[in-house]
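Following: one structure in structure tokens, then a few remarks.
2 protein chains.
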Amino acid sequence: MPVTTPGKRSSSRRAGILEATLRVIAGRGVDGVTHRAVALEAGVPAAATTYYFDSKEALVEEALELVIDRSTALVRRHAEGAPPAGPAELVDRLVDLVELQVADREAPLAAQYELMLEAGRRQRLRPLAERWETTYMAALTALVAGAGLPRPQLSAEILADAMEGALLGQLALPRDDFIDGHLRPQLDRLVDALA
Amino acid sequence: MPVTTPGKRSSSRRAGILEATLRVIAGRGVDGVTHRAVALEAGVPAAATTYYFDSKEALVEEALELVIDRSTALVRRHAEGAPPAGPAELVDRLVDLVELQVADREAPLAAQYELMLEAGRRQRLRPLAERWETTYMAALTALVAGAGLPRPQLSAEILADAMEGALLGQLALPRDDFIDGHLRPQLDRLVDALA
DNA sequence: AGATGTACTGTACATTTGTCCAGCTTTCGT
DNA sequence: ACGAAAGCTGGACAAATGTACAGTACATCT
Numbered sequence: 170m171p172v173t174t175p176g177k178r179s180s181s182r183r184a185g186i187l188e189a190t191l192r193v194i195a196g197r198g199v200d201g202v203t204h205r206a207v208a209l210e211a212g213v214p215a216a217a218t219t220y221y222f223d224s225k226e227a228l229v230e231e232a233l234e235l236v237i238d239r240s241t242a243l244v245r246r247h248a249e250g251a252p253p254a255g256p257a258e259l260v261d262r263l264v265d266l267v268e269l270q271v272a273d274r275e276a277p278l279a280a281q282y283e284l285m286l287e288a289g290r291r292q293r294l295r296p297l298a299e300r301w302e303t304t305y306m307a308a309l310t311a312l313v314a315g316a317g318l319p320r321p322q323l324s325a326e327i328l329a330d331a332m333e334g335a336l337l338g339q340l341a342l343p344r345d346d347f348i349d350g351h352l353r354p355q356l357d358r359l360v361d362a363l364a
Numbered sequence: 170m171p172v173t174t175p176g177k178r179s180s181s182r183r184a185g186i187l188e189a190t191l192r193v194i195a196g197r198g199v200d201g202v203t204h205r206a207v208a209l210e211a212g213v214p215a216a217a218t219t220y221y222f223d224s225k226e227a228l229v230e231e232a233l234e235l236v237i238d239r240s241t242a243l244v245r246r247h248a249e250g251a252p253p254a255g256p257a258e259l260v261d262r263l264v265d266l267v268e269l270q271v272a273d274r275e276a277p278l279a280a281q282y283e284l285m286l287e288a289g290r291r292q293r294l295r296p297l298a299e300r301w302e303t304t305y306m307a308a309l310t311a312l313v314a315g316a317g318l319p320r321p322q323l324s325a326e327i328l329a330d331a332m333e334g335a336l337l338g339q340l341a342l343p344r345d346d347f348i349d350g351h352l353r354p355q356l357d358r359l360v361d362a363l364a
């Protein structure tokens with residue numbers, strides 16, 4: 170047997186633990202992740218988390234990879250469908266996307282955000298985070314480009330940047346009803362002002 | 170003596186501990202704050218932190234208040250000076266402001282950001298965070314308004330929102346040279362596209 | 001059926017953390 | 001000079017946490 174990895178097999182147990190990790194992160198933040206808390210949330214024995222993952226850091230790292238894969242896949246799917254028929258529908262599509270991610274029980278948007286911040290903090294996870302940022306923004310830019318630009322001198326990159334910025338700003342200081350109460354109006358005003 | 174507060178007097182020791190807390194937060198995040206780590210950073214005996222602050226939560230809470238007061242005062246000062254002479258100088262002024270906050274040894278921008286996120290997470294600190302957001306955005310909007318709008322149909326609020334969003338987006342995934350390498354170009358492109 | 005190896009888990013243990021308190025030092029009134 | 005009160009600190013302690021390991025259950029093969 171190679172010495173590199175202990176060779177833990179993939180199993181549904183393992184997947185369940187990873188998803189429990191995301192739920193814990195969403196509820197109590199990244200620092201709320203402990204082996205015992207995750208095990209309790211996943212409904213597995215306490216030692217199971219240390220069995221399937223070499224360390225707590227490895228657990229968080231895999232959770233980040235999982236979130237990256239899922240969220241980029243989701244955005245890509247939205248970008249590849251029928252393009253939005255104009256700026257107004259673009260906002261609708263974006264809000265739909267955000268709502269989907271917020272409601273996702275397995276990788277809620279709050280957990281994504283926490284993990285992204287954590288990735289920015291840890292040297293080791295930086296490359297992952299930057300890859301995510303690149304892919305995510307590319308997909309988002311494609312979605313924006315598909316909608317057509319409200320003004321020709323505007324590039325899709327700029328608009329996508331502005332929209333992502335609005336979303337991040339809302340996520341940074343989370344409020345109840347941040348989507349319909351704050352995010353959507355802000356995006357509407359932005360697009361209106363540019364039309 | 171009233172029973173409400175233990176009545177710890179203000180002292181330079183106390184202030185030093187608070188500032189050490191901000192430095193720890195900037196370097197290791199809010200969850201890196203421990204009594205011992207803060208005491209070491211401040212160069213005071215281990216028990217000093219528990220002496221001057223009732224609990225770790227109280228320490229973080231006061232650090233947040235300190236950051237709020239300082240950063241709003243700083244932005245206000247910038248907004249009240251000579252208004253920027255047009256959109257291009259507006260970007261310069263904003264970048265100056267960010268650079269000042271990043272370089273601030275007593276309340277680095279990273280610490281501000283961490284604290285704001287923490288405030289959003291803890292029910293108890295929410296009001297503080299919302300007050301901060303309101304005051305901060307008002308000052309920023311005033312600064313933007315003073316510069317004059319690149320297009321009349323644009324409101325200062327929208328532009329300020331967009332700029333703050335760009336900043337938050339860059340802070341979320343910190344990189345080396347994020348100011349001149351990413352933030353300034355993004356702001357320039359935004360203003361250009363609107364001109 | 002028995003042996004054997006893999007998958008898994010209960011538990012112990014060292015470390016770190018927040019908190020408390022008994023006592024030391026300094027200050028200040030007399 | 002002396003005593004008392006306030007300011008301060010070393011050290012102790014319980015709780016929580018990451019990790020390692022010895023043992024158990026279970027499957028697979030002969």
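Here the protein sequences come in this chain order: A and B. Going by the numbering used here, the first sequence opens with residue 170, and the numbers climb by one from there. Going by the numbering used here, the second sequence opens with residue 170, and the numbers climb by one from there. By construction, the Cβ of each residue, glycine as well, lies at the ideal position given by its N, Cα and C atoms.
Once you ignore the five residues that flank residue i on each side, which residues in its own chain have a CB closer than 6 Å to its CB?
{"i": "Ala248(B)", "result": "Ala308, Ala311, Leu312"}
{"i": "Ala325(B)", "result": "Thr310, Val313, Ala314"}
{"i": "Val271(B)", "result": "Leu278"}
{"i": "Ala276(A)", "result": "Leu191, Val236, Arg239"}
{"i": "Gly289(A)", "result": "Ala298"}
{"i": "Leu266(B)", "result": "His247"}
{"i": "Arg262(B)", "result": "Pro253"}
{"i": "Leu259(B)", "result": "Pro253, Ala316"}
{"i": "Trp301(A)", "result": "Ile237"}
{"i": "Arg183(A)", "result": "Tyr221"}
{"i": "Gly185(A)", "result": "Ala211"}
Counting C-beta neighbours from all protein chains within 10 Å, is the total for residue i 16 or more, i.e. buried, or is it exposed?
{"i": "Gln281(B)", "result": "buried"}
{"i": "Asp349(B)", "result": "exposed"}
{"i": "Glu377(B)", "result": "The question about residue 377(B) has no answer here: the residues shown for chain B are numbered 170 through 364."}
{"i": "Arg274(A)", "result": "exposed"}
{"i": "Ala195(A)", "result": "buried"}
Does residue i come out as helix, strand or coil in the three-state DSSP assignment?
{"i": "Thr203(B)", "result": "coil"}
{"i": "Asp265(B)", "result": "helix"}
{"i": "Ser324(A)", "result": "coil"}
{"i": "Ala308(A)", "result": "helix"}
{"i": "Leu284(B)", "result": "helix"}
{"i": "Glu249(A)", "result": "helix"}
{"i": "Gly334(A)", "result": "helix"}
{"i": "Pro214(B)", "result": "coil"}
{"i": "Gly315(B)", "result": "helix"}
{"i": "Ser180(B)", "result": "coil"}
{"i": "Ala364(A)", "result": "coil"}
{"i": "Phe222(A)", "result": "coil"}
{"i": "Pro343(A)", "result": "coil"}
{"i": "Ala254(B)", "result": "coil"}
{"i": "Glu275(B)", "result": "coil"}
{"i": "Arg353(A)", "result": "helix"}
{"i": "Gly198(B)", "result": "coil"}
{"i": "Arg291(A)", "result": "coil"}
{"i": "Ile186(B)", "result": "helix"}
Keeping to the same chain, check which residues put their C-beta closer than 7 Å to that of residue i; ignore five residues upstream and five downstream.
{"i": "Val193(A)", "result": "Gly201, Val202, Ala206, Val207, Glu210"}
{"i": "Glu234(A)", "result": "Leu297"}
{"i": "Thr133(B)", "result": "The question about residue 133(B) has no answer here: the residues shown for chain B are numbered 170 through 364."}
{"i": "Thr219(A)", "result": "His204"}
{"i": "Gln355(A)", "result": "Ala335"}
{"i": "Arg256(A)", "result": "The sequence given here has Pro at residue 256(A), not Arg. The residues are Ala316, Pro319, Val360, Ala364."}
{"i": "Leu323(B)", "result": "Leu363"}
{"i": "Ala217(B)", "result": "Arg182, Ile186, Ala208"}
Looking only at its own chain, which residues have a Cβ that is under 8 Å from the Cβ of residue i, when we skip the five neighbours before and after it?
{"i": "Glu287(A)", "result": "Val199, Val229, Leu233, Leu294"}
{"i": "Glu268(A)", "result": "Ile348"}
{"i": "Leu352(A)", "result": "Val264, Val267, Ala335, Leu336, Gln339"}
At least three beta-carbon pairs within less than 8 Å, the segment 345-364 of chain A to the segment 313-331 of chain A: yes
Any 3 or more C-beta pairs closer than 8 Å across the segment 240-254 of chain A and the segment 332-349 of chain A: no
At least 3 beta-carbon pairs within less than 8 Å: the segment 213-225 of chain B vs the segment 184-199 of chain B: yes
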